[in-house]
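Just so you know, we're using our numbering here: the sequence shown kicks off at 10 and counts up by one.
For reference, the structure is listed below as structure tokens.
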Amino acid sequence: MRIVNKTNLFSKWFIIAFVGLLLLQCSSKGQQENSQKDNNRKAFQADIEIALTATTKKIQLLQGEETKVFTYESELIKGKEENLDKLKDTYLGPIIHVKQGQKIRVRFKNQLPRESIIHWHGLHIPPEMDGHPVYAINKGEEYIYEFQVNNRPGTYWFHPHPHQITGPQVYYGLAGMFIVEGDEPELPSGEFDMPMILQDRTFDANNQLVYLEGNRMERMKGFLGNRILVNGLIDRQMEVKKTAYRFRVLNGSNSRIYKLAWSDGSNVIAVGTGGGLLEQPVKKDYIMLAPGERVDIWKNFSDYNENKELKLKSLDFDDGSSMGMGGRMGNRMQPSQGVDNGTEMDLYTFTVTSESGPQKKLPSRLSDIKKFDANNAVNADNPKPFNFSFERMNWVINGETFDMTEVADWEKVKLNTTEIWEFINGGNGGGMGMMNNMMQMPHPVHIHGLQFQIIDRDISGVSSSSWETVKDGFLDKGWQDTFLLLPGMKVQVIMRFEDFTGKYIYHCHNLEHEDMGMMRNYEVVE
Ligand code: C2O
Ligand code: CU
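If you want it as structure tokens, here you go:
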């Protein structure tokens, strides 16, 4: 008995000592990790450092009462003045200008009522820097981003990405542009290189922004406003000189799609996409621009007469939506105050002055783009299917909605491999097939962490009445991170998983669909 007792005593002491040691180790490990972080921070020599604080404020947008908005207050801590362009008289922005290869540190502080995190849309950076919703921080907290800008020169952007509340946070004012500057002397620069962020909003009688007020049917369709703001301004017009401009057009709307065209019917000339300059300029009658997408447009005003008024418009189109159950139910899903997708709208008015500017000619060659060889994809004969559809009263991807950490087998990819993914908008007939077909909407598909190339757009399942109205507007060239997937469409993209392992997300960039869970993780594994 005594011996047993002694053993007990001994083992008790042993356990206490062991636990003590463990605790000691843990705390010193914690300290090590912290000092490791500090060391990393010191080791990271930022060329540019910016503080961005998301906060609420009131601003004079319309006549009369001030409007309550969300905004990023910005401050340049290190760098040159031109690195940070605070847009004036608006909630929107800022515009961050960097050069390829530069290192940037962003100190993001959250002063919003709810959690938030910033996603750098289009950038190729490590998962911890990309703004995955799992990293969202609460009010009063700070998240420090440190990354090198690896992307090609081009027009990227940033916006909040907290799970289920990205839509409202963008809507109430949080979004900015991230321009990677190139060495492009042949293209317009300075005042002739202009951001143009398109958003639709609805104001109430007291000048306050109106968002979907918990109406599930409206949310299913996505927010559509009744007026356009450009760069966060109500006033949508400017005087232009007789010279060439580069308009960096970003569709920063929650769910509105634009069919961009010039009011005089002249060609829309694209020089860049979401992933930088094209190889050659592309001339089109109009360009379809879905939420999240960018297009750099070249416009030369020098041949217009003085006082000529030219409008950038969104033309009429049929987005192929079918909201099921015919007329009455369909009508009930129309936003109560919003202008429907596909309705013609004036976006911006340019008045040509007599002044001239630098005389630039549209270059015939813009950049080099190395095309992926589909044969090098690990699944060259077997593209991975991703079905964007409606099931169980929800928008889903392959039948699933978002889970913070979940990654399915089909969402694991190997580092340093190339894959082909095929995105399919409905119509697979599986499960509640009839419902699938009855509820169809366009989905702008966005993949985080990389740029891809579009290798096939199969339109055989698209209704011809819809296709006729959009068919000339697709720009499937160059690098992309977002593309429009209309009902019945199948789009194949090819991409390579390089440099970083970990979890990124991909989702529908209709922000209401995203918030409802039309989003998934993919994981790059070694
Ligand atoms: Cu611009 Cu995940 O989004
Ligand atoms: Cu969608």
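No residue lacks a Cβ here, since even glycine has one placed at the ideal position from N, Cα and C.
Residue 452: CB within 7 Å of a non-hydrogen atom of the ligand CU: As a working note, residue 452 is residue 443 in the sequence shown. Checking every heavy atom of the ligand CU against the Cβ of residue 452, one is found closer than 7 Å.
Those runs of the alpha helix (DSSP H) which lie wholly inside the stretch 270-299 and span at least 4 residues: none
Collapsed DSSP secondary structure at residue 340 in the structure displayed: Looking up residue 340 in the sequence shown gives position 331. Its pLDDT being 43, under 50, residue 340 is placed unreliably by the model, and nothing is read from it.
Three-state class that DSSP yields for residue 318 in the structure shown: Walking along the sequence shown from the start, residue 318 turns up at place 309. Three-state DSSP puts residue 318 in a strand.
Under 8 Å between C-beta atoms of residue 454 and residue 530: Counting from 1 along the sequence shown, the entry for residue 454 is found at position 445. Counting from 1 along the sequence shown, the entry for residue 530 is found at position 521. No.
Per-residue burial, residue 257 [other beta carbons within 10 Å of its own, 16 or more giving buried]: Counting from one through the sequence shown, the residue named residue 257 turns up at place 248. Counting Cβ neighbours within 10 Å, residue 257 comes out buried, since at least 16 surround it.
Every unbroken alpha helix (DSSP H) inside the stretch 323-391 [4 residues or more]: 335-341
The ligand CU heavy atom lying under 7 Å from the CB of residue 396: Reading the sequence shown from its first residue, position 387 is the one you call residue 396. Because no heavy atom of the ligand CU lies under 7 Å away, the Cβ of residue 396 does not count as near it: no.
Distance between residue 493 and residue 260 (C-alpha atoms, nearest Å): As a working note, residue 260 is residue 251 in the sequence shown. As a working note, residue 493 is residue 484 in the sequence shown. Computed Cα separation, rounded: 12 Å.
Span separating the alpha-carbon of residue 113 from that of residue 363: Numbered from its first residue, the sequence shown carries residue 113 at position 104. Numbered from its first residue, the sequence shown carries residue 363 at position 354. Taking the straight line joining both Cα atoms gives about 41 Å.
Distance, residue 482 Cα to residue 332 Cα: Taking the sequence shown and counting its residues from 1, the one referred to as residue 332 is at position 323. Taking the sequence shown and counting its residues from 1, the one referred to as residue 482 is at position 473. Cα to Cα, the separation comes out at about 24 Å.
heavy atom of the ligand CU below 7 Å from residue 519 C-beta: Counted from its first residue, the sequence shown places residue 519 at position 510. For the ligand CU, at least one heavy atom lies less than 7 Å from the Cβ of residue 519.
Rounded straight-line distance, which links the Cα of residue 495 to that of residue 184: Translated into the one-based positions of the sequence shown, residue 184 becomes position 175. Translated into the one-based positions of the sequence shown, residue 495 becomes position 486. About 25 Å.
8 Å Cβ cutoff, residue 194 in contact with chain D: Absence of chain D from the displayed structure is noted, only one protein chain being present.
Contact under 8 Å by Cβ, residue 140 with residue 126: Reading the sequence shown from its first residue, position 131 is the one you call residue 140. Reading the sequence shown from its first residue, position 117 is the one you call residue 126. Their beta carbons are under 8 Å apart, which means residue 140 touches residue 126 by this criterion.
Nonlocal neighbours in the same chain, by C-beta distance under 6 Å from residue 199, ignoring five residues either side: By 1-based counting over the sequence shown, the position of residue 199 is 190. So no residue of the chain qualifies.
Inter-residue spacing [alpha-carbon to alpha-carbon] between residue 265 and residue 328: Your numbering for residue 265 matches position 256 in the sequence shown. Your numbering for residue 328 matches position 319 in the sequence shown. If I take the Cα positions, the gap works out to 10 Å.
Buried versus exposed call for residue 336 [16 or more other C-beta atoms within 10 Å across all chains shown]: Along the sequence shown, one-based indexing puts residue 336 at 327. Confidence at residue 336 is low in this model, with a pLDDT of 40, below 50, so its placement is unreliable and the value that follows should be read with caution. Result: exposed.
Residue 497 burial status per 10 Å Cβ neighbour count (16 or more: buried): For the purposes of this step, residue 497 is taken as the residue at position 488 of the sequence shown. Label assigned to residue 497: buried.
Heavy atom of the ligand CU within 7 Å of residue 522 beta-carbon: The count along the sequence shown starts at 1 and reaches residue 522 at position 513. Within the cutoff, so yes.
Span of the alpha helix (DSSP H) around residue 531: Sequence index remark: in the sequence shown, residue 531 carries index 522 (1-based). From DSSP, residue 531 is part of no alpha helix (DSSP H) but of the beta strand (DSSP E) over 528-534.
As assigned by DSSP and simplified to three states, the class of residue 479: Taking the sequence shown and counting its residues from 1, one reaches residue 479 at position 470. It is helical.
DSSP beta-bridge partners of residue 63: Taking the first residue of the sequence shown as 1, we reach residue 63 at position 54. Paired residues: 81, 119.
Check: residue 527 C-beta below 7 Å from any heavy atom of the ligand CU: In the sequence shown, the residue the question calls residue 527 occupies position 518. The answer is yes for residue 527.
Bounding residues of the alpha helix (DSSP H) (the contiguous stretch that carries residue 170): Mapped onto the sequence shown, residue 170 falls at position 161. Element bounds for residue 170: n/a, residue is neither H nor E.
C-beta atoms of residue 119 and residue 63 nearer than 8 Å: On the sequence shown, residue 119 is found 110 positions in, with the first residue counted as 1. On the sequence shown, residue 63 is found 54 positions in, with the first residue counted as 1. Yes, they are a contact pair.
CA-to-CA distance, residue 514 to residue 526, given in whole angstroms: Position 517 of the sequence shown, counting from 1, holds the residue named residue 526. Position 505 of the sequence shown, counting from 1, holds the residue named residue 514. Near 11 Å, if we compare the C-alpha coordinates of residue 514 and residue 526.
Any non-hydrogen atom of the ligand C2O closer than 7 Å to residue 128 Cβ: Mapped onto the sequence shown, residue 128 falls at position 119. Yes - the ligand C2O has a heavy atom lying nearer than 7 Å to the Cβ of residue 128.
Inter-residue Cα distance where the pair is residue 519 and residue 314: Reading the sequence shown from its first residue, position 510 is the one you call residue 519. Reading the sequence shown from its first residue, position 305 is the one you call residue 314. The straight-line gap from Cα to Cα measures roughly 40 Å.
C-alpha gap between residue 284 and residue 462, whole angstroms: Taking the first residue of the sequence shown as 1, we reach residue 284 at position 275. Taking the first residue of the sequence shown as 1, we reach residue 462 at position 453. In a straight line, the C-alpha of residue 284 is about 10 Å away from that of residue 462.
Own chain partners of residue 330 with C-beta closer than 6 Å, once the 5 adjacent residues on each side are dropped: As a first step, residue 330 is located in the sequence shown; it is residue number 321 there, counting from the start. Contacts found: 450.
Heavy atom of the ligand CU within 7 Å of residue 419 beta-carbon: Numbered from 1 along the sequence shown, position 410 holds the residue referred to as residue 419. False, no ligand heavy atom lies under 7 Å from that Cβ.
The ligand CU heavy atom lying under 7 Å from the CB of residue 404: Walking along the sequence shown from the start, residue 404 turns up at place 395. Yes, since a heavy atom of the ligand CU falls inside the 7 Å radius drawn around the Cβ of residue 404.
CB of residue 484 within 8 Å of CB of residue 291, strictly: The residue labelled residue 484 in the question sits at position 475 within the sequence shown. The residue labelled residue 291 in the question sits at position 282 within the sequence shown. For residue 484 and residue 291, yes; Cβs fall inside 8 Å.
Per-residue burial, residue 316 [other beta carbons within 10 Å of its own, 16 or more giving buried]: As a position in the sequence shown, residue 316 is number 307, starting the count at 1. With fewer than 16 Cβ atoms within 10 Å of its Cβ, residue 316 is classed as exposed.
Secondary structure of residue 444, DSSP reduced to three states: Against the sequence shown, residue 444 aligns to sequence position 435. Below a pLDDT of 50, predicted positions are generally treated as unreliable, and residue 444, at 49, falls in that range; no measurement from the model is reported.
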